[in-house]
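Trainee:
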Amino acid sequence: TNPLAELTHKRRLSALGPGGLTRVQAKEEVRDVHYTHYGRICPIETPEGQNIGLITSLATYARVNVFGFLETPYRKVVTGKASEEAVYLDAREEDEYYIAGADTVDEEGRFVDSQVIARYRGDIVTISREKVDYVDVSPKQIVSVTTSLIPFLEHNEANRALMGSNMQRQVIPLENPEQPFVQTGMEGKVAEDSMCGVRTKEEGRVISVDADCVRIKTLKGIDEYKLTKFKRSNQRTCINQRPIVSQGDKVKKGDFIADGAAISEGKLSL
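Under our numbering, residues 15 to 284 are what the sequence shown spells out, in order.
#1: Check each candidate in R219, F244, D224 and name the one with the smallest Cα separation from L233.
#2: From P153, S158, D127, pick the residue whose C-alpha is nearest to that of R143; which is it?
#3: Pop quiz: K264 and E201 are said to be a contact at Cβ under 8 Å. What is the actual Cβ separation, rounded to whole angstroms?
#4: How should T140 be labelled, buried or exposed, when 16 other C-beta atoms within 10 angstroms of its C-beta is the threshold for buried?
#5: Given that a residue counts as buried once 16 or more other Cβ atoms are within 10 Å of its Cβ, and exposed if not, what is Y49?
#6: Alpha carbon to alpha carbon, what distance is there between G268 and E216?
#7: Quickly, what does DSSP pair E85 with across the bridge? List them, please.
#8: Output the distance between the C-alpha atoms of V47 and V130, rounded to the nearest integer angstrom.
#9: How many Å lie between P187 and S97 at the Cα?
#10: What are the boundary residues of the alpha helix (DSSP H) that includes G136?
#11: If you reduce the DSSP assignment to three classes, tell me which class Y52 lands in.
#12: Starting from G262, trace the alpha helix (DSSP H) in both directions and tell me its first and last residue.
#13: With a cut-off of 8 Å, do at least 3 Cβ pairs link the segment 147 to 164 to the segment 52 to 67?
#14: So, do the segment 145 to 154 and the segment 27 to 40 have three or more beta carbon pairs nearer to each other than 8 Å?
#15: For the alpha helix (DSSP H) containing K203, name the first residue and the last one.
#16: Give the straight-line distance between the Cα atoms of T161 and E171, rounded to the nearest whole angstrom.
#17: State buried or exposed for L21, treating a residue as buried only when at least 16 other CB atoms are found within 10 Å of its CB.
#18: Go through its chain and collect everything with a Cβ distance to S208's Cβ below 6 Å, but skip five positions before and after it.
#19: Just checking my contact of P194 with S283 at CB under 8 Å: how many whole Å lie between their CB atoms?
#20: Once you ignore the five residues that flank I69 on each side, which residues in its own chain have a CB closer than 8 Å to its CB?
#21: If you follow the alpha helix (DSSP H) that T22 is in, where does it begin and where does it stop?
#22: Report the rounded CA-to-CA distance for I113 versus D104, giving the unit in angstroms.
#23: Taking the C-alpha atoms as reference points, what is the distance between E110 and G136?
#24: Is A272 closer than 8 Å to L241 when the C-beta atoms are compared?
#25: Compute the distance between the beta-carbons of A100 and P87, then report whether it is under 8 Å.
#26: Tell me whether P153 sits in a helix, a strand or coil according to DSSP, three-state version.
Here it is in structure tokens:
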């Protein structure tokens, strides 16, 4: 339907299928949120109805390791300061450490208070800052990409946040999309990762632009970017790429040169 729906579809997790559960077998304990989901599976984004809790979404920073386990990143605490080094831990490894929230440290990685609220083996404990082993990399690592697009999420009632997450995927792209007035900072990342827009492969200068093609002169030669025009998606919405650069513009590597469906100036605009 829109770039967000495509991205969410690629990040979906399911307990159904071969070797999995059936909707009838699955009781409340299986569908419920578990403490090991933290930073790995979104506690909010799940369908309403029979599939609730069985079909879920990967959290924003989560990844699948070589053994098929979900991992989430943390900043290692070295001599009382959170380092820039990100360490990925699975749920079993995480149980051995005291982990504090991302908002417990300042911009330099130093703890704001002497006493810190941390997680340890599924419990919330208050400990001295010297005992903390790891710190979350971001407050939004708990939730999925779709959920992190909701402004002031922490002030929303959970059921309404669930509906909001699911409804964003159903938005039909507009003919003239506009960026939201209130943004969370994830709009640009979603537009990038959905690959619905067109981004440059090399730095250069735009030598010609029309509705179907953008040509850029680089040090290696001339790069030609063909634009998708009025293509039909699986949900029968229109995929149409529009150039946003002009002849003579200088572009860097990775810059947006054309917007796609529901993208305005390189940002998701539902």
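Virtual Cβ for every residue (Gly too), placed ideally from N, Cα, C. Keep in mind it's a predicted model, so treat the numbers as computed, not measured.
Mentor: From the atom records:
#1: Per the C-alpha coordinates, the member of R219, F244, D224 positioned closest to L233 is R219.
#2: With respect to the C-alpha of R143, the residue from P153, S158, D127 having the closest C-alpha is D127.
#3: With a Cβ gap of about 24 Å, K264 and E201 do not count as contacting.
#4: T140 counts as exposed, since fewer than 16 other C-beta atoms from the protein chains shown sit within 10 angstroms of its C-beta.
#5: Burial call: exposed.
#6: Using only the alpha carbons, I get a separation of about 7 Å.
#7: Looking at the DSSP output, E85 sits in a beta bridge with R77.
#8: If I take the Cα positions, the gap works out to 24 Å.
#9: Approximately 41 Å, taken between the alpha carbons.
#10: The continuous stretches of alpha helix (DSSP H) do not include G136, and DSSP gives it neither H nor E.
#11: Here Y52 carries a coil assignment [DSSP, helix/strand/coil].
#12: Run containing G262: none; DSSP gives neither H nor E here.
#13: Short answer: they touch.
#14: A contact is defined here as three or more CB-CB pairs under 8 Å, and the segment 145 to 154 fails this definition with respect to the segment 27 to 40.
#15: If you look at K203, you'll find it in the alpha helix (DSSP H) that goes 201 to 208.
#16: The alpha-carbon of T161 is positioned some 13 Å away from that of E171.
#17: Buried is the call here.
#18: For S208, the CB contacts under 6 Å within the same chain, skipping 5 residues up- and downstream, are P17, E20, L21 in chain order.
#19: Yes, they are in contact, since the Cβ atoms of P194 and S283 sit about 7 Å apart, within 8 Å.
#20: Residues of the same chain with a CB within less than 8 Å of the CB of I69, apart from the 5 flanking positions on each side, are R26, L27, S28, A29, L30, T60, P61 in chain order.
#21: 17 to 24 is the span of the alpha helix (DSSP H), which, as asked, contains T22.
#22: Between I113 and D104, the C-alpha separation is close to 13 Å.
#23: So the two alpha carbons sit approximately 11 Å from each other.
#24: Yes, these two residues count as a Cβ contact at 8 Å.
#25: The answer is yes: Cβ separation under 8 Å.
#26: Correct three-state label for P153: helix.
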